[in-house]
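Q:
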Amino acid sequence: MLNAIFRSIFGTKHERDVKRMRPVVAEIAALEPGLQALSDEALRAHTTELRRRLADGAELDDLLPEAFAAVREAARRTVHMRHFDVQMMGGMVLHSGKIAEMATGEGKTLVATLPAYLNALPGLGTHVVTVNDYLARRDAQWMGPIYHALGLTVGVIQHEMQYLYDPSYASSDIRLAALRPVTRKDAYAADITYGTNNEFGFDYLRDNMQFSLDDIVQREHHYAIVDEVDSILIDEARTPLIISGRDRNAESRAPLYEKVNRVIPRLKRAATIVEGKLSEIEETAEGDFIVDEKARTVSLTDQGGTYCERLLGIENLSDPAHIETAHHIHQALKAHHIFHKDVDYVVKDLETVDDQGRMVLQAQVVIVDEFTGRMMPGRRWSDGLHEAVEAKEGLKIARENQTLATITLQNYFRMYDKLSGMTGTAATEAEEFAKIYELDVTVIPTNRTLGRINFSDVVYKTEREKFDAVAAEIAERHAKGQPVLVGTVSIEKSERLSKLLKKHGITHQVLNAKYHEREAEIVAQAGREKTVTIATNMAGRGTDILLGGNPDFLAKALLSRKGLDPATAPPEAREAAWLEAKKATDPEHERVVGLGGLHIIGTERHESRRVDNQLRGRSGRQGDPGSSRFYLSLEDDLLRIFGSERIQRIMDHLGMEEGEPIEHRLVTRAIGTAQKRVETRNFEIRKHLLEYDDVMNKQREIVYGLRREVLAGESQEETVLEWIGELVGVVVARYAGPEAHQEDWDLVGLNEALHRQFDFRLPDLKVDEIASHQALVELVTEAAEAHYRRREGEMGGEMFHRLERWIILGLEWEGGGFRGINQLWREHLLNMDHLKEGIGLRGYGQRDPLTEYKKEAFDMFQEMIGSLKETAVEQLFKVRMTQEDAPTTRVSHRATPEWQESRGGDLDTAPGRPVTSRPEPRTADGQKVGRNDPCHCGSGKKYKKCCLLKGA
Ligand code: ADP
Ligand code: MG
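Position 880, counted from 1, in the sequence shown is what numbering that gives the first Met the number 0 calls 879; the numbers after and before it change by one each time, with no gaps.
1. So which residues put a beta carbon under 5 Å from any heavy atom of ligand 4, going in chain order?
2. Quick one: measure Cβ to Cβ for K347 and Q363, integer angstroms, because I've assumed they're closer than 8 Å.
3. Got a sec? Which residues, its chain only, sit under 7 Å from Q35 by beta carbon, not counting five neighbours each side?
4. Is T672 near ligand 1, going by C-beta to nearest heavy atom under 6 Å?
5. Excluding sequence positions up to five away, which residues of its chain have a Cβ less than 6 Å from the Cβ of V730?
6. So, for E678: in the same chain, excluding its five sequence neighbours on each side, which residues have a beta-carbon less than 6 Å away from its beta-carbon?
7. Out of V70, E851, V128 and G809, which one is the CA nearest neighbour of T46?
8. Confirm, please, whether the CB-CB distance from I241 to A270 is below 7 Å.
9. Grab the span of the alpha helix (DSSP H) containing Q302 for me, first residue to last.
10. Name the two residues that bound the continuous alpha helix (DSSP H) containing I505.
11. Using alpha carbons as the reference points, say which of D651, A119, T461 and F857 lies closest to Y146.
12. If you measure from the CB of D543, is any heavy atom of ligand 1 nearer than 6 Å?
13. Are the Cβ atoms of S632 and K498 separated by less than 7 Å?
14. State the start and end residues of the unbroken beta strand (DSSP E) segment that holds R451.
15. Using 8 Å for Cβ pairs, my map puts P319 next to G816. What's the rounded Cβ distance?
16. Please classify S626 as buried or exposed, where buried requires at least 16 other C-beta atoms within 10 Å of its C-beta.
17. Count the other CB atoms within 10 Å of the CB of R378; is the residue buried (16 or more) or exposed (fewer)?
18. Would you call Q741 buried or exposed, if buried means 16 or more other Cβ atoms sit within 10 Å of its Cβ?
19. Report whether the distance from the Cβ of L109 to the nearest heavy atom of ligand 1 is below 6 Å.
20. Determine the contact status of V993 and V483, defining contact as a CB-CB distance below 7 Å.
21. Nearest by alpha-carbon distance to R954: which of D745, G724, W722 and I723 is it?
22. What I want to know is whether the C-beta of T530 ends up closer than 6 Å to one or more non-hydrogen atoms of ligand 1.
23. Helix, strand or coil, according to DSSP, for P239 in the structure here?
24. Just to check, is the beta-carbon of F83 closer than 6 Å to a non-hydrogen atom of ligand 1?
25. In three-state DSSP terms, what is H126?
26. Could you please give the first and the last residue of the uninterrupted alpha helix (DSSP H) stretch that includes K513?
27. With 16 as the cutoff for other CB atoms within 10 Å, does E662 come out buried or exposed?
28. Keeping to the same chain, check which residues put their C-beta closer than 8 Å to that of S381; ignore five residues upstream and five downstream.
29. Are the stretch 550-559 and the stretch 608-623 in contact at 8 Å, needing three or more beta carbon pairs?
30. Quick check: what's the CA-CA separation for K835 versus L438?
31. Is DSSP giving G33 helix, strand or coil here?
32. Looking at C-alpha atoms only, which residue of I640, K513, E603 and A770 is the closest neighbour of R463?
33. What are the start and end residues of each continuous beta strand (DSSP E) run of 3 or more residues lying completely inside the stretch 344-391, in chain order?
34. Quick one: grab the DSSP three-state call for A774.
35. Can you tell me whether DSSP reads Y168 as helix, strand or coil?
36. Can you tell me whether T445 sits near ligand 1, meaning its C-beta is under 6 Å from at least one heavy atom of the ligand?
Here it is, written out as structure tokens:
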């Protein structure tokens, strides 16, 4: 009540926002005459001038009026649209990093040009995000002339293709008019880049899988304008982006575990280093491996190494080609000699999903918490140890496909320094935008008063009766000639209605959001007389429905019918076609207006009010007449599941007869309540997904950050020396702790550990010559650094430091590879997947699974970083790299020849995208190119010395 009074005096928040913007709108208008007097060159020079002032310290906000005025003038000259005042306001809202709610047909495509231009001035790029490839292309081509007139470049990112807008470029395909193919990097280097959320997100993930900075295509995430922002940030956000694939060793790894596992029982124990006791180890001790119970590691003796090489038919285990094998021997030794069944783990049948997606029971290794004795399903040991234990127990370890990189759209878009969005329907989801993205919603008034009539819902008892009534209404309006657009919730329902209409003999079109381009052409004509269009809610979105038909689309069709290509047809022919089209659409427009405009029929209420509003919003654009009505039945999911009792009561109260609909505001209100309930539930689901992803998001930032730094070519010497220092500290503390008496120091054990980790021993270590634990740490650190320098000297600084970077990254090539971030992160992602699944299987009592997940994910990540340090230093000290092995020139990614991009996750209902793969290099006759084969580029060099290195 108070609220209502307050509102009537001061207006709503939105009204106040709008009021505040009016003076700026006036300021922009005042600049117009001056700009109109400028020549085209002078108008373009405006950009240079604004950029200069920016460089001199002006703020973007100060430049807004002039920048917006320049865009308005450029638009007027080029695309013959002059931004309306309300569009100026929309632009301001977008510039301020908020969401502008502007109804369908208000010209949001044009609105975006204002902030896109202004925010592109600093030269850091602006991304305009659309819901599909077709719209990205269309908008870039449509708005391109405006930016072009102002001297800015425009890129378009498509699935596997990308362009720069270039009016001088003659394309042979009308759909690609004025689009010049360029590299992905060039498209991103443009001032403004149009593309879909999927492509932007996948490019980000791919960038972070590259092995060379040259292959990274995106720049920073400066500013994004998300069109249809509710679709992208809410509907699509239910499923994360995932790049998965079988990596180079996927096929060879499972057999490798098994092969190595078979070798282990044949090896003989040389010695055991036991807790708290000095152990005697002689260099010449017979045996293949030494078990260190204190460090919980096992290492091969020289003899054991040679024996393994013989058993496995390998020449040299220290060769980069066999790093994986050497690593797995160590893990397998640990699995057999340190980790004990029913102590450290149990083997248990657990539910899991098999390759065909069926739930099955499968024997699995389940870790037992060493402190609490609790079983921890889902938790996996890192660094290949879990697989080694699985091999030991004879369990299935083959994993065909695994996640290589993943991110939710929420977390992708939150990376932008400034984010903004526009849509016809945001207000109902304002809370979610605020909480998740810190995005405020401002509702912009329409340019003209809305003329659409929204009839109240009618409810039938059964779905059959409902559809009969829908068909009857369509038939009636169709007979008069009025165009009707029918929305359905699924392809199946569309088909059902289509059959019914066929029985009535009504011609119609069915769209289901499969062929965006073709469907856009059909929807564009949905406002013609006697047209009936059935569409699922995504179909044809973003396309303007003009009453009486769209002359542009019609003109194109006329040209094609005459056998002319609309792209290359002479201007006179195009002009003639357009006039002819206009001649047809103009009177038709009048007739359709007379019939009441476009009528919308909803065949079911959607789970969210927002989607219903989207459907309604397709009619009544820019002051057009129009109407809408929703048909429901008690058998609809929404009513059945969420509103049944209440609605049933109302129904009973009002009395309902077979075939008789009910139309009452109480029903409409009850349905609204049901929808709100579902909206809240769906929001919770998305929040939940995000909470889980946030954990990994932090880890991803750390890992990607480290990767970037290494790729940037900066020397990692400092980092590695730091790691060495840390590792030394840990090792020395284990064998000669600061608390321990000097006579209890286990120097023999220490020396073995040093040998294992750093590949050197300290000769003549005498306890009585070392003053303290600290002195010992310093002595060992010095020795380790000296060894580091020795390796550097042997190999030559440049080669050594390059090797260092390759090792940290985990570079892989055919016939060799290191273990670094790449492998460990990949394994970590797999383990995180298992953890997420497994955490649900645990009996928790009072504990919150999310808290448990966070805690364990943190532990796992720490373990992974620890493994990275250990394994990197170990390889750096041990790897024997011959010139032949070394990938000497620039190395590019080709570690994962088959990446698949997909949308997946907890809720797999969102529209997915086709799974695509990147083919491996093949010869002309389709054969896979071998490493030693002559390169397919014809250079005459071996493939491994040529394109393999360039990543081609
Ligand atoms: P929205 O995305 O808001 O639904 P569109 O960007 O598809 O709207 O534009 C709808 C229609 O309005 C288009 O046909 C466009 O040409 C027209 N339009 C937009 N702004 C203007 C303007 N300032 N002057 C004239 N026509 C405009
Ligand atoms: Mg639009």
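Note that CB positions come from ideal geometry on N, CA and C, so glycine has one too. As the structure is a prediction and not an experimental result, all values here were calculated from the model.
A: From the atom records:
1. Of the ligands one can find in the structure shown, namely ligand 1 and ligand 2, none is ligand 4.
2. On the sequence shown, residue 347 is found 348 positions in, with the first residue counted as 1. On the sequence shown, residue 363 is found 364 positions in, with the first residue counted as 1. Indeed they touch by this definition, with Cβ atoms about 6 Å apart.
3. Here residue 35 corresponds to residue number 36 of the sequence shown, with the count starting at 1. So the list reads E72, once near-sequence residues are dropped.
4. On the sequence shown, position 673 is the one that residue 672 refers to. No, the Cβ of T672 stays beyond 6 Å of every heavy atom of ligand 1.
5. Numbered from its first residue, the sequence shown carries residue 730 at position 731. For V730, where only same-chain residues beyond five positions count, the Cβ hits under 6 Å are A752.
6. Locating residue 678 in the sequence shown gives position 679, where the first residue counts as 1. So the qualifying residues of the chain are S607.
7. Start at 1 with the first residue of the sequence shown, and residue 46 comes out as number 47. Out of V70, E851, V128 and G809, V70 has the C-alpha closest to the C-alpha of T46.
8. Along the sequence shown, read from residue 1 onward, the residue named residue 270 stands at position 271. Along the sequence shown, read from residue 1 onward, the residue named residue 241 stands at position 242. No, these two residues do not count as a Cβ contact at 7 Å.
9. The count along the sequence shown starts at 1 and reaches residue 302 at position 303. D301 to L311 is the extent of the alpha helix (DSSP H) around Q302.
10. By one-based count along the sequence shown, residue 505 stands at place 506. Premise fails: I505 is in no alpha helix (DSSP H) and is neither H nor E.
11. Within the sequence shown, numbered from 1, the residue matching residue 146 stands at position 147. The shortest Cα separation from Y146 among D651, A119, T461 and F857 belongs to A119.
12. Within the sequence shown, numbered from 1, the residue matching residue 543 stands at position 544. Answer for D543: yes, Cβ within range of ligand 1.
13. Taking the sequence shown and counting its residues from 1, the one referred to as residue 632 is at position 633. Taking the sequence shown and counting its residues from 1, the one referred to as residue 498 is at position 499. The answer is no: Cβ separation not under 7 Å.
14. Position 452 of the sequence shown, counting from 1, holds the residue named residue 451. Looking at the DSSP string, the run of the beta strand (DSSP E) that includes R451 is G450 to N453.
15. Here residue 319 refers to the residue found at position 320 of the sequence shown. Here residue 816 refers to the residue found at position 817 of the sequence shown. Right, their Cβ atoms sit about 7 Å apart.
16. Taking the sequence shown and counting its residues from 1, one reaches residue 626 at position 627. Under this definition S626 is a buried residue.
17. If you number the sequence shown from 1, residue 378 lands on position 379. When all chains shown are included, R378 counts as buried.
18. Within the sequence shown, numbered from 1, the residue matching residue 741 stands at position 742. Per the 10 Å Cβ criterion, exposed.
19. Translated into positions along the sequence shown, residue 109 becomes position 110. True, at least one ligand heavy atom lies under 6 Å from that Cβ.
20. Coverage of the chain is limited to positions 0 through 951, which leaves residue 993 absent and any answer about it impossible.
21. Here the chain covers residues 0 to 951 and nothing more, so residue 954 does not appear.
22. Looking up residue 530 in the sequence shown gives position 531. Because no heavy atom of ligand 1 lies under 6 Å away, the Cβ of T530 does not count as near it: no.
23. Translated into the one-based positions of the sequence shown, residue 239 becomes position 240. Coil at P239, not helix or strand.
24. Residue mapping note: residue 83 aligns to position 84 of the sequence shown, counting from 1. Yes - ligand 1 has a heavy atom lying nearer than 6 Å to the Cβ of F83.
25. Here residue 126 is taken as the residue at index 127 of the sequence shown, counted from 1. Strand, per DSSP.
26. Residue 513 sits at position 514 when you count from the first residue of the sequence shown. From DSSP, K513 is part of no alpha helix (DSSP H); its letter is neither H nor E.
27. Here residue 662 corresponds to residue number 663 of the sequence shown, with the count starting at 1. Per the 10 Å Cβ criterion, exposed.
28. For the purposes of this step, residue 381 is identified with residue 382 of the sequence shown, where counting begins at 1. Only L823, E826, H827, N830, M859, E862, M863 and S866 meet the Cβ criterion.
29. no
30. Looking up residue 835 in the sequence shown gives position 836. Looking up residue 438 in the sequence shown gives position 439. C-alpha separation (whole angstroms): 29 Å.
31. To locate residue 33, count along the sequence shown from 1; it is residue 34. Helix at G33.
32. Your numbering for residue 463 matches position 464 in the sequence shown. Considering only alpha carbons, the answer is E603.
33. 344-352 and 358-367
34. Numbered from its first residue, the sequence shown carries residue 774 at position 775. Residue state, collapsed to three classes: helix.
35. Counted from its first residue, the sequence shown places residue 168 at position 169. Looking at Y168 - three-state DSSP - the assignment turns out to be coil, as it is neither helix nor strand.
36. In the sequence shown, counting from the first residue as 1, residue 445 sits at position 446. Not under cutoff, so the answer is no.
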